[in-house]
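Worksheet: one structure, shown below.
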Amino acid sequence: VQLQAFGGGLVQAGGSLRLSCAASGSIFMINAVGWYRQAPGKQRELVARRSRGGSTNYADSMKGRFTVSRDTAKNTVYLQMNSLKPEDTAVYYCNAELAGKVVWGQGTQVTVSS
Numbered sequence: 002v003q004l005q006a007f008g009g010g011l012v013q014a015g016g017s018l019r020l021s022c023a024a025s026g027s028i029f030m031i032n033a034v035g036w037y038r039q040a041p042g043k044q045r046e047l048v049a050r051r052s053r054g055g056s057t058n059y060a061d062s063m064k065g066r067f068t069v070s071r072d073t074a075k076n077t078v079y080l081q082m083n084s085l086k087p088e089d090t091a092v093y094y095c096n097a098e099l100a101g102k103v104v105w106g107q108g109t110q111v112t113v114s115s
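Heads up: the sequence shown at position 36 corresponds to 37 in the numbering used here, and the numbers run straight through without jumps.
Okay, here's the thing in structure tokens:
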């Protein structure tokens, strides 16, 4: 399985961005897809995690602002981010949980200006 994350950019506070995580390879092996972020000087943290069955968990600070969705035909999982805040500035990563291992995509930078 390979993952490619894209869609980051520069946005003003209060704005929106949609990140995409496109998967290729043995898609059927994916049990869950997660979005994580890492701000400068901080540890990587969970943003949201969507299971194969569709249930999604969000970090408390993202609830109500961020939404994960999936386009099965495109093998892509999206992270819709609304009401962005400067503290959302980070490199965002997606990962895929397979049996026995986790695959990471490259990060995409999100910068929110005040």
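Even glycine gets a Cβ: it sits at the ideal position worked out from N, Cα and C.
Using only the alpha-carbon positions, how far apart do VAL78 and VAL111 sit? When rounded, the distance between both Cα atoms is 17 Å.
Reducing DSSP to helix, strand and coil, say where SER62 ends up. DSSP places SER62 in helix when its eight states are reduced to three.
Cβ atoms of SER21 and VAL2: under 9 Å apart, would you say? Not a contact, by the Cβ cut-off of 9 Å.
Short of 7 Å in beta carbon distance, which residues of its chain neighbour TYR59, apart from the five on each side in sequence? Order them along the chain. Once the five neighbours on either side are set aside, the close Cβ partners of TYR59 are ALA49 and PHE67.
What span of residues does the beta strand (DSSP E) with ASP72 cover, start to end? Counting along the chain, the beta strand (DSSP E) containing ASP72 begins and ends at 67-72.
Quick check on the burial criterion: 16 or more other C-beta atoms within 10 angstroms. Buried or exposed for ARG51? Result: buried.
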